[in-house]
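The next block holds one structure in the form of structure tokens; read it before the comments.
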Amino acid sequence: MTKPLSESVINIKPSGIRKFFDIVSEMEDVISLGVGEPDFDTPWHIRDEGIYALEKGKTFYTSNTGLKELKAQIQNKVYKTRGVDYNPKNEIIVTVGGSEAIDIGLRAIVNKGDEVIIPEPSYVSYVPCTVLSGAKPVIINLRGENEFRLKPEELINAIGKNTKALILPYPNNPTGAIMEKSDLEKISKIIKDNDLYIMSDEIYSELTYKEKHFSIVSLPDMKERTILIDGFSKAYAMTGWRLGYACANKEIIKQMTKIHQFAIMCAPTTSQYAGVEALKNGDKDIEIMRNSYNQRRRYLLDAFKKMNLECFEPYGAFYVFPCIKEFNMTSEEFANRFLEEEHVAAIPGNAFGESGEGYLRISYAYSLDNLKEAMKRLDRFIKKLRG
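Next up, the structure:
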């Protein structure tokens, strides 16, 4: 065979995050600030429910769209936090993390040649999933001076005759940026005027520090044209349980379910039982973790201020995105030197799109002791660079 592999897959660049951690895994004495994963263990009452499900032999397939009890809890959660009611029978699907929901959601709504608008910097899966769905990514390069919020004029300029959907990645990974209700009202009007879909990835919705997260799906007439994505990984420290969900109108969920049933069958059964417990009794856990993240967030911002390192204040997720443009090197060069010389791992901003160049993603999903030591090393490193 002269062409045995898929060209569309070959042309996708490997994740810049994973590439960096291949280097980290071979080094000793490294403080890693790169993984977007809570440092908390899954709360015991949630783990207990997973253990109990195993002990009781609840290890069989669930329905394709998920356990009835879990979908009922998702319905309650979304109604409580967004004020929007989804029918658990045909408007909710439980997925293998939020990542699967992104993948099958895009494949359900786009045709070959459609365009999907993706604001960047943002999560690394959006562009590859768009390409694999047969659509064309159209990138909006967000700007630091706008706190990396999507501006109406930027969206209008990106819309063309083939535009089908907008991915709305807030609270944002890697910047920690948020969109407030007033921002989203302007965006929703443009979406309705141009008859587009929205994929609103709200996996960090429980981790906001200025005010409660506001979802675009809560605005008038947005439910029918929005795929709402959320999950358990970040809010409940359940990354390895691989559990997420999508809510959308029944026609979209019907198509997403087709892909899901052929490729996945169902999300892990044990995880689903644990997810029921998380939604029922996990609010206190979220509050404890959010307060801890907020303490770390404020510590890092204060540390950057003392170093005279520019960084806008992020109000969501658990990342800061300091600007390193003053050092006249690429973000990858900066991150590599920081790792080699100070043994601290952070992610180059350009791993999240070209507009991330000149920035560094630092996760504060780590202990305060680790953050303090890492900031001591960063201070030493940038003093050396400044001469």
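Going by my numbering, the letters in the sequence shown line up with residues 1430 to 1816, in that order.
Even glycine gets a Cβ: it sits at the ideal position worked out from N, Cα and C.
At the level of alpha carbons, what is the spacing between I1616 and Y1481?
If you number the sequence shown from 1, residue 1616 lands on position 187. If you number the sequence shown from 1, residue 1481 lands on position 52. Cα-Cα distance, rounded: 45 Å.
Expressed to the nearest angstrom, what Euclidean distance is found between the alpha-carbon atoms of V1560 and R1725?
Indexing the sequence shown from 1 puts residue 1560 at position 131. Indexing the sequence shown from 1 puts residue 1725 at position 296. Cα to Cα, V1560 sits roughly 36 Å from R1725.
Count Cβ pairs between the segment 1516-1527 and the segment 1694-1701 that sit closer than 8 Å; are there 3 or more?
yes
Excluding five sequence neighbours on each side, which residues of the same chain lie with their C-beta closer than 6 Å to the C-beta of M1651?
Looking up residue 1651 in the sequence shown gives position 222. Here the set comprises S1617 and I1645.
Leaving out five residues before and five after N1505 in sequence, what residues of the same chain have Cβ atoms less than 8 Å from its Cβ?
Walking along the sequence shown from the start, residue 1505 turns up at place 76. Excluding positions up to five away in sequence, the list reads L1708.
Alpha carbon to alpha carbon, how far is I1596 from A1410? Give it in angstroms, no decimals.
The structure shown does not extend to residue 1410, since the chain spans only 1430 to 1816, so no value can be given for it.
Which first and last residues belong to the alpha helix (DSSP H) in which I1547 is found?
Position 118 of the sequence shown holds residue 1547. I1547 -> not in any alpha helix (DSSP H); beta strand (DSSP E) instead, spanning E1544 to E1549.
From this set, S1461, G1479 and D1624, which residue's C-alpha is nearest E1771's C-alpha?
Locating residue 1771 in the sequence shown gives position 342, where the first residue counts as 1. The shortest Cα separation from E1771 among S1461, G1479 and D1624 belongs to S1461.
Using the three-state DSSP reduction, which class does V1773 fall into: helix, strand or coil?
Walking along the sequence shown from the start, residue 1773 turns up at place 344. DSSP places V1773 in strand when its eight states are reduced to three.
Classify K1500: buried if its beta carbon has 16 or more other beta carbons within 10 angstroms, exposed otherwise.
Against the sequence shown, residue 1500 aligns to sequence position 71. Label assigned to K1500: buried.
In its own chain, which residues sit with a C-beta less than 6 Å from the C-beta of I1658, not counting the 5 before and 5 after it?
Residue mapping note: residue 1658 aligns to position 229 of the sequence shown, counting from 1. Counting only Cβ-Cβ distances below 6 Å, and skipping sequence neighbours, we find G1527, A1530, D1630 and A1675.
Where the beta strand (DSSP E) through S1792 begins and ends
Reading the sequence shown from its first residue, position 363 is the one you call residue 1792. Looking at the DSSP string, the run of the beta strand (DSSP E) that includes S1792 is L1789 to S1792.
Could you name the residues of the same chain whose beta carbon sits closer than 7 Å to that of G1589, not counting the 5 residues immediately before and after it, in chain order?
Numbered from 1 along the sequence shown, position 160 holds the residue referred to as residue 1589. The residues are E1544.
Have a look at V1705, E1742, V1464 and A1696 and flag the residue whose alpha-carbon is nearest the alpha-carbon of N1493.
Here residue 1493 refers to the residue found at position 64 when the sequence shown is read from its first residue. Of V1705, E1742, V1464 and A1696, the residue nearest in Cα terms is A1696.
Beta-carbon within less than 8 Å of K1541's beta-carbon, same chain only, minus the 5 sequence neighbours each way: which residues are those?
In the sequence shown, residue 1541 corresponds to position 112, counting from 1. The residues are G1563 and A1564.
Give every residue of the same chain whose Cβ lies closer than 7 Å to the Cβ of V1556, excluding the five residues on either side of it in the sequence, and list them in chain order.
Taking the first residue of the sequence shown as 1, we reach residue 1556 at position 127. If we look at V1556 and ignore the five residues flanking it on each side, its Cβ neighbours are I1547 and P1566.
Excluding sequence positions up to five away, which residues of its chain have a Cβ less than 7 Å from the Cβ of C1800?
Translated into positions along the sequence shown, residue 1800 becomes position 371. With the sequence shown as reference, residue 1800 is identified as Leu, and Cys is not the correct amino acid for it. Hits under 7 Å: R1725, Y1728, L1729 and Y1793.
Whole runs of the beta strand (DSSP E) within the segment 1665-1717, excluding any shorter than 3 residues:
1673-1676
Per DSSP, what are the beta-bridge partners of T1592 in this structure?
Within the sequence shown, residue 1592 is the residue found at index 163, counting from 1. Answer is E1544.
Between the Cα of P1812 and those of F1733, S1435, N1516 and N1765, spot the shortest distance and give me the residue it belongs to.
The residue you call residue 1812 lines up with position 383 of the sequence shown. The sequence given here places Lys at residue 1812; Pro does not occur at that position. Of F1733, S1435, N1516 and N1765, the residue nearest in Cα terms is F1733.
If I'm right that I1656 touches M1628 with Cβ under 8 Å, what's the distance once you round it to whole angstroms?
To locate residue 1656, count along the sequence shown from 1; it is residue 227. To locate residue 1628, count along the sequence shown from 1; it is residue 199. Confirmed, about 5 Å.
What residue does the beta strand (DSSP E) around S1662 start on, and which one ends it?
If you number the sequence shown from 1, residue 1662 lands on position 233. Looking at the DSSP string, S1662 is not in any beta strand (DSSP E), and its letter there is neither H nor E.
contact_flag[the segment 1599-1606, the segment 1713-1721] where n(CB pairs < 8 Å) is 3 or more
no
Starting from the C-beta of D1532, find all residues in its chain whose C-beta is less than 7 Å away, skip the five residues before and the five after it, and write them out in chain order.
In the sequence shown, counting from the first residue as 1, residue 1532 sits at position 103. Within the same chain, D1532 has close Cβ partners C1558.
Report yes if the CB atom of N1570 is closer than 8 Å to the CB atom of E1783, and no otherwise.
In the sequence shown, counting from the first residue as 1, residue 1570 sits at position 141. In the sequence shown, counting from the first residue as 1, residue 1783 sits at position 354. Yes; because the gap between Cβ atoms is below 8 Å, this pair is in contact.
With distances taken from CA atoms, which of E1466, E1498 and K1679 is nearest G1669?
Sequence index remark: in the sequence shown, residue 1669 carries index 240 (1-based). Looking at the Cα atoms, E1466 is the closest of the given residues.
Going by beta-carbon coordinates alone, are A1666 and F1810 separated by less than 8 Å?
Within the sequence shown, the letter at position 237 stands for residue 1666. Within the sequence shown, the letter at position 381 stands for residue 1810. Cβ distance not < 8 Å, so A1666 and F1810 don't count as in contact.
What's the call for T1488, buried or exposed, on a 16-neighbour Cβ count within 10 Å?
As a first step, residue 1488 must be located in the sequence shown, where it is residue number 59. T1488 comes out exposed.
Whole-angstrom distance between A1664 and K1621, CA atom to CA atom:
Within the sequence shown, residue 1621 is the residue found at index 192, counting from 1. Within the sequence shown, residue 1664 is the residue found at index 235, counting from 1. Distance between the alpha carbons of K1621 and A1664: 31 Å.
Please work out which residues of its chain come closer than 7 Å, Cβ to Cβ, to K1754, disregarding the five sequence neighbours upstream and downstream, and give them in chain order.
Here residue 1754 is taken as the residue at index 325 of the sequence shown, counted from 1. If we look at K1754 and ignore the five residues flanking it on each side, its Cβ neighbours are G1787.
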